[in-house]
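Residue numbers (the numbering used here): 98 to 190. Glycine residues also receive a C-beta, built at the ideal position from the N, C-alpha and C atoms. This structure is a prediction, so every number in the text was calculated from the model and none was measured. Here the structure comes first, spelled out in C-alpha coordinates, and everything after it is commentary.
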Amino acid sequence: MQAKYPKSVRFTEEGFPDFAPYALKTVGISFSGDRKRDVVAANAAAGFKHTPIGYTWHHHQNGRTMQLVPTDLHRAISHTGGHATQKAVESGE
(Lines of atoms letter the chains of each structure in order from A and count residues from 1; the text may use other names and numbers.)
(Lines give C-alpha, C1' and ligand atoms only; values in the text may rest on other atoms or scores of the structure.)
Protein backbone atom coordinates (compact mmCIF):
# COMPACT_ATOMS: atom_id res chain seq x y z
CA MET A 1 0.00 0.00 0.00
CA GLN A 2 2.81 2.42 0.82
CA ALA A 3 4.19 2.16 -2.72
CA LYS A 4 0.77 2.71 -4.28
CA TYR A 5 -0.23 5.52 -1.88
CA PRO A 6 3.05 7.21 -0.87
CA LYS A 7 1.35 10.16 0.85
CA SER A 8 -0.23 7.72 3.30
CA VAL A 9 -3.48 8.67 5.04
CA ARG A 10 -3.20 11.10 7.88
CA PHE A 11 -5.73 11.33 10.69
CA THR A 12 -7.20 14.45 12.26
CA GLU A 13 -6.82 15.18 15.96
CA GLU A 14 -10.34 13.76 16.36
CA GLY A 15 -9.24 10.48 14.76
CA PHE A 16 -10.87 10.84 11.34
CA PRO A 17 -8.96 9.88 8.18
CA ASP A 18 -8.02 12.54 5.64
CA PHE A 19 -8.63 10.96 2.24
CA ALA A 20 -8.42 14.32 0.42
CA PRO A 21 -5.04 13.63 -1.26
CA TYR A 22 -6.56 10.57 -2.96
CA ALA A 23 -10.09 11.81 -3.70
CA LEU A 24 -10.95 11.66 -7.38
CA LYS A 25 -14.05 13.78 -6.70
CA THR A 26 -15.45 15.60 -3.70
CA VAL A 27 -19.12 16.60 -3.61
CA GLY A 28 -21.54 18.08 -1.13
CA ILE A 29 -24.84 16.35 -0.38
CA SER A 30 -27.30 16.12 2.49
CA PHE A 31 -26.59 12.83 4.28
CA SER A 32 -29.77 10.79 4.42
CA GLY A 33 -28.70 8.15 6.93
CA ASP A 34 -28.94 5.51 4.17
CA ARG A 35 -25.65 4.58 2.51
CA LYS A 36 -27.20 3.58 -0.82
CA ARG A 37 -29.24 6.78 -1.05
CA ASP A 38 -26.15 8.84 -0.24
CA VAL A 39 -24.14 7.06 -2.95
CA VAL A 40 -26.86 7.73 -5.52
CA ALA A 41 -26.90 11.41 -4.50
CA ALA A 42 -23.09 11.65 -4.62
CA ASN A 43 -22.97 10.06 -8.08
CA ALA A 44 -25.62 12.50 -9.32
CA ALA A 45 -23.75 15.47 -7.85
CA ALA A 46 -20.53 14.26 -9.51
CA GLY A 47 -22.24 13.68 -12.86
CA PHE A 48 -21.85 9.89 -12.75
CA LYS A 49 -24.51 7.33 -13.58
CA HIS A 50 -22.76 4.79 -11.31
CA THR A 51 -19.79 4.81 -8.97
CA PRO A 52 -16.64 4.31 -11.06
CA ILE A 53 -15.15 0.82 -10.80
CA GLY A 54 -12.41 0.66 -8.18
CA TYR A 55 -13.74 3.60 -6.20
CA THR A 56 -15.88 4.04 -3.09
CA TRP A 57 -17.75 7.05 -1.76
CA HIS A 58 -16.44 7.98 1.69
CA HIS A 59 -18.77 9.86 4.05
CA HIS A 60 -16.72 12.73 5.46
CA GLN A 61 -17.17 13.42 9.16
CA ASN A 62 -18.61 16.91 8.51
CA GLY A 63 -21.93 15.31 7.59
CA ARG A 64 -22.24 16.86 4.13
CA THR A 65 -19.19 15.90 2.06
CA MET A 66 -18.64 12.73 0.05
CA GLN A 67 -15.19 11.85 -1.27
CA LEU A 68 -14.65 9.38 -4.11
CA VAL A 69 -11.59 7.40 -3.06
CA PRO A 70 -9.90 4.19 -4.21
CA THR A 71 -11.78 1.21 -2.75
CA ASP A 72 -8.64 -0.66 -1.74
CA LEU A 73 -7.38 2.33 0.22
CA HIS A 74 -10.76 2.93 1.88
CA ARG A 75 -10.95 -0.72 2.95
CA ALA A 76 -7.36 -0.76 4.22
CA ILE A 77 -7.82 2.20 6.56
CA SER A 78 -9.77 1.23 9.65
CA HIS A 79 -11.84 4.28 10.50
CA THR A 80 -15.07 5.83 11.65
CA GLY A 81 -16.56 8.01 8.94
CA GLY A 82 -19.40 10.45 8.60
CA HIS A 83 -22.05 7.76 8.15
CA ALA A 84 -21.27 6.19 11.52
CA THR A 85 -21.03 9.63 13.12
CA GLN A 86 -24.46 10.60 11.81
CA LYS A 87 -25.99 7.32 12.98
CA ALA A 88 -24.57 7.90 16.47
CA VAL A 89 -26.03 11.41 16.60
CA GLU A 90 -29.43 10.18 15.40
CA SER A 91 -29.51 7.46 18.04
CA GLY A 92 -28.46 9.85 20.80
CA GLU A 93 -25.07 8.25 21.48
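Secondary structure at Leu121: coil, using DSSP grouped into helix, strand and coil. If you ignore the 5 residues before and after Glu111, its C-beta comes within less than 8 angstroms of the C-beta of Gln158, all in its own chain and listed in chain order. Rounded to the nearest whole angstrom, the C-alpha separation of Tyr152 and Gly125 is 17 angstroms. Distance from the CA of Trp154 to the CA of Arg134, rounded to the nearest whole angstrom, comes to 12 angstroms. DSSP places Arg107 in the strand class (E or B) of the three-state scheme.
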